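If you're matching them up, the sequences are chains A and B in order.
First residue of the first sequence: 1, per my numbering; consecutive thereafter.
First residue of the second sequence: 1001, per my numbering; consecutive thereafter.
This report refers to the structure that appears directly beneath it.
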Amino acid sequence: MKKILDFAVVRNEILNSNMFLLTLHSDELPPISPGQFVNVKIENSPATFLRRPISVHDVDPVKNLLYLLVKKAGTGTRILAGLKEGERLSVILPLGNTFSIPEYGRCLLIGGGVGIAPMLHLSKEMKSRGLSPVILIGVRSKEDIVRKEAFEQHGELYYTTEDGSFGEKGYPTQHSVLSQHFDHIYCCGPEVMMKAVAGYAYKNNIACEVSLENMMACGIGACLCCVTDTHEGHKCVCSEGPIFNIKDLKWQS
Amino acid sequence: MAELSVNLNGLELKNPVLTASGTFGYGTEFADFINLTDLGGFIVKGTTLYPREGNPYPRMAETPSGMLNAVGLQNKGVDYFINHIYPEIKDIRTNILVNVSGASVSDYVATAEKINTLDCIPGIELNISCPNVKEGGMAFGTQCSSVAEVVSAVRKVYKKHLMVKLSPNVTNIQEIALTAEAEGADSVSLINTLMGMAIDAEKRRPVLSTVTGGLSGACVKPVALRMVWQVSKVVKIPIVGLGGIMNATDAIEFLLAGASAIQIGTANFIDPSITLKVVKGIDNYLDRHGFKSVKEIVGLI
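What follows is the structure, encoded as structure tokens:
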């Protein structure tokens, strides 16, 4: 069941020049599955009065903590970046569908930029179910690497950097780990990256799910603003996604 | 507790708060957040004779205190509504109105006829004001002659409450409202969205796939209030006011301007429970100012 809840900021950790990690607490935390997102209200900001959809990075159901990894992208996220401990945040959650986690098989999780956010929650859940995910993260440069220690806890971790300053030089689709066998790929990141990963998955006949982030207004499937084109027509990214199997999308050229 | 019920020309509402079509899905999307039966009613998504895929993405642009949308009446058609959605919502004990749109007069008529057979739908909202479709929609709502044509044609086949939703994109809203009234509308709702546009300067291109879209949200309220007030001075049928209502005070302003009931639209996106907060806020206002019924404040301005 979706809820509108008031969260308190427990911690706002600046990770680098454009990424920050919000730790939020609420007395009540509904169950959240990997891939789902929350819709956050930005107070007193007429230019960003619509809620901001943000992927769930991690949850602690024992302590009722919600972790959001956010990139400063515009006015709304800049306001979030300035939140101080103790400040309140209105959050609607949980929203959207979830990644499908297989019972067995080798899973490759690919994240690019702030698209790494949902991959932590996913890798943690996979590990708890006895899977051994491989996590591949693509960034521009070494300075863009965040949350490395957290990811290392849940899977075998690899990096690509565009400038070669860490891991293998290039894009995730060029990484040598792709020469290994995988049964499932999960990807979140810039659309150009997800399309390249989807192309790789199509070519090698690997099941692949991607997380889309179209502009949304309501977040609950009411306004039909955030649609993506699928073989079954327009679907709402907020309520029928954000996770889509690539074979349902019209991405294959 | 003041008396909150209103009678819109035969349509009994337990309170004056409705939801605006296109912002409330089919109601069920909001069932986690509110008890739908506590609403005066809700107006479901614009429905057309044939299924429509709507416009390509991007369909939405956020603007200061407002948003543009260009959804383009995406819906699965009236038959799908009747066979698959109506059975799921018909037992919700509130007024469920269907927003009806079309590309031609015969489309409107055929859709209205089908909705007329549904026992649990006490009325339709005739959408002659959608700015986001190439054919029909707003084209019908901006000329008195075409307003007359579509309203009279639908009136002949539709036997229950006929609410006509007016476009603000006209030079004289009073003439349009009077025409709808003369052709048999039971009420008018106004305003639909204002036609607008957003540009991404960095990319040097329009934000919306359709270039233009419909503006809603807090920024349109002054225009909507003015039009409700103007129309209230000339028509005898009830007015349902909408446009930028974000809280109870906004809703009360529309009642004072002459609306007998109101619709909440864009605000549903920010707070899916806003409708019932507005009901409570109206009640508090009436108590605070010593009014026994919401009817007492309609048109005080």
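Built from N, CA and C at the ideal position, the CB exists for glycine as well.
Bear in mind the structure is a predicted one, so any value in this text is a computation, not a measurement.
- Using a C-beta cut-off of 8 Å, the region 1083-1095 of chain B makes no contact with the region 1052-1068 of chain B, since fewer than three inter-stretch Cβ pairs fall below that distance.
- Under the rule that a run must span 4 or more residues, the alpha helix (DSSP H) segments found entirely inside the region 1172-1206 of chain B read 1173-1182.
- Look at the region 203-224 of chain A: the residues with a C-beta under 9 Å from a C-beta of chain B are Asn-214, Met-215, Met-216, Ala-217, Cys-218, Gly-219, Ile-220, Gly-221, Ala-222, Cys-223 and Leu-224.
- Taking a Cβ-Cβ cut-off of 8 Å, the neighbours of A:Val-227 in chain B comprise Gly-1054, Tyr-1057, Arg-1059 and Gln-1074, given in sequence order.
- The Cβ of A:Met-1 sits closer than 7 Å to at least one Cβ of chain B.
- Annotation: B:Gly-1077 to A:Asp-163 spans about 52 Å, alpha carbon to alpha carbon.
- The alpha helix (DSSP H) runs lying completely inside the region 1200-1264 of chain B and spanning 4 residues or more are 1221-1232 and 1248-1257, given in chain order.
- By the CB criterion at 7 Å, B:Arg-1052 and B:Asn-1075 fall inside the cutoff.
- At a cut-off of 7 Å between beta-carbon atoms, A:Gly-233 makes contact with chain B.
- The residue from B:His-1161, B:Val-1071 and B:Gln-1143 with its alpha-carbon nearest to that of B:Ile-1115 is B:His-1161.
- If you look at B:Leu-1276, you'll find it in the alpha helix (DSSP H) that goes 1274-1288.
- The C-beta of A:Gly-82 has fewer than 16 other C-beta atoms within 10 Å across all chains shown, which makes the residue exposed.
- Using beta-carbon distances, A:Leu-249 does not count as an interface residue toward chain B, since no partner is under 7 Å.
- Bridge pairing for A:Ala-8: A:His-25 and A:Arg-88 [DSSP].
- Residue contact with chain A for B:Gly-1025: present (Cβ-Cβ distance below 7 Å to some residue of chain A).
- Among the CB atoms of chain B, none fall inside 7 Å of the CB of A:Pro-118.
- In the DSSP assignment, B:Ala-1139 falls within the alpha helix (DSSP H) that extends over 1138-1141.
- With its beta carbon at least 7 Å from every one in chain A, B:Val-1147 lies outside the interface.
- Bounds of the beta strand (DSSP E) holding A:Phe-244 are 243-245.
- Inclusion of B:Thr-1048 and B:Pro-1131 in the CB contact set at 7 Å is not warranted, their separation being larger than that value.
- Under a 10 Å Cβ-count criterion, B:Arg-1155 is classified as buried, with 16 or more other Cβ atoms of the shown protein chains found around its own Cβ.
- In summary, the residues of the region 1064-1095 of chain B whose CB is separated from some CB of chain A by less than 7 Å are Pro-1064, Ser-1065, Met-1067, Asn-1069, Val-1071 and Gln-1074, in the order they occur in the chain.
- A:Leu-136: member of the beta strand (DSSP E) spanning 134-139, first to last residue.
- Boundaries of the beta strand (DSSP E) harbouring A:His-184: 184-188, taken from the DSSP string.
- The CB of B:Ser-1129 never comes closer than 9 Å to any CB in chain A; the least such distance is about 17 Å.
- Taking all protein chains shown into account, A:Arg-52 has 16 or more neighbouring C-beta atoms within 10 Å of its C-beta and is therefore buried.
- The continuous alpha helix (DSSP H) containing A:Leu-122 extends over residues 117-128.
- Note that the C-beta distance between A:Val-40 and A:Val-91 is below 7 Å.
- Of all residues in the region 42-56 of chain A, those with a C-beta nearer than 9 Å to a C-beta of chain B are Pro-46, Ala-47, Thr-48, Phe-49, Leu-50 and Arg-51, reading in chain order.
- Taking a 10 Å sphere around the C-beta of A:Gly-86, we find fewer than 16 other C-beta atoms and assign the residue as exposed.
- Shown here, A:Ile-32 sits in coil according to DSSP, grouped into three states, outside any helix or strand.
- The beta carbons of A:Gln-36 and A:Gly-112 sit no closer together than 7 Å.
- Burial check for A:Cys-225: the Cβ neighbour count within 10 Å reaches 16 or more, so the residue is buried.
- Between the region 206-214 of chain A and the region 231-248 of chain A, the count of Cβ pairs shorter than 8 Å is three or higher; the stretches touch.
- A:Met-19 and A:Met-216 have their C-alpha atoms roughly 21 Å apart.
- Annotation: A:Ala-150 is outside any beta strand (DSSP E); the continuous alpha helix (DSSP H) that includes it extends over 148-152.
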